Amino acid sequence: MILVGLTGGIASGKSTASRIFKKLGAYVIDADVLAREVVEPFKPAWRDIVKNFGREILNKDKSINRSRLAEIVFNNKKKRELLNSIVHPRVFRRAKEIEREIVKRDQEAVIIFDAALLIESGAYKRMDKNIVVYADEDVQIYRLVKRDRLAKEDAIKRIRAQIPLKKKLRFADYIIDGNKTFSIVARQVKNVLMDLKGIK
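In the working numbering, the protein residues as written are 46 to 245.
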């Protein structure tokens, strides 16, 4: 088994790379999916978030309004760190459980841990290899404005709330160029996966 971290900036093409890895037979553990699971209504993380951020961040069905919470944390570093300290440890515990389940079924597994905050959270340290999907900032801004209908200023704010992508590159064993077309990204992913399988 080999455990591989996959990260990138917002709108860099990381999710596209993740889907291609899955299609090619790698096992993908999506940290964002796990983060949604651990904050479901009345779970411990949900209680901690409501306690610290107030009930105004809840929807009518008691689920957390992610965009409302995002607005708060993207503009406040301390609150962002507080939220991460509530969510991240629980996400990593759940990810380890899933890893163990996968290895029971397939000891030759290539497991991709897809996490936007792989570097920031320190999770990259427990990976065998790390992949960074890179895109130029103007490409990220264009995609965010188009995809999420954000104002350009808000898109820039969200991008700059994360470690600059150029800094993330120094943690990378592999770099995927997310500026490229889908078919070129797919070819890059396939080459990385073949290399990973060769080094197990």
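Beta carbons are placed, not taken as given, at the ideal position from N, Cα and C, and that holds for glycine. Please read all numbers here as calculations on a predicted model, not as lab measurements.
Item                                                                                                                      : Value
For arginine 64, the nearest candidate out of Asp240, Lys235, Asn121, Ile94 (CA to CA)                                    : Lys235
CA-to-CA distance, serine 108 to alanine 160, given in whole angstroms                                                    : 22 Å
Residue environment, glutamine 14, which counts as buried when at least 16 other CB atoms sit within 10 Å                 : The requested residue 14 is not part of the displayed model; the chain covers only 46 to 245.
Cα-Cα separation between asparagine 104 and asparagine 110, rounded to whole angstroms                                    : 6 Å
Buried versus exposed call for lysine 242 [16 or more other C-beta atoms within 10 Å across all chains shown]             : exposed
Cβ contact check for the stretch 178-193 and the stretch 142-161: 3 or more pairs under 8 Å                               : no
Whole-number beta carbon distance between phenylalanine 216 and isoleucine 164, since they are thought to touch under 8 Å : 5 Å
Below-8 Å beta-carbon distance, arginine 64 vs any chain B residue                                                        : Going by chain labels, chain B is absent from the structure shown, which holds only one protein chain.
First through last residue of the beta strand (DSSP E) which encompasses threonine 52                                     : 47-53
Candidates Lys170, Lys174, Ile55, Val83, of which the one nearest aspartate 240 by Cα                                     : Lys174
Backbone secondary structure at aspartate 181 - three-state DSSP                                                          : coil
Segment contact flag, the stretch 64-76 with the stretch 194-204, C-beta cutoff 8 Å, min 3 pairs                          : no
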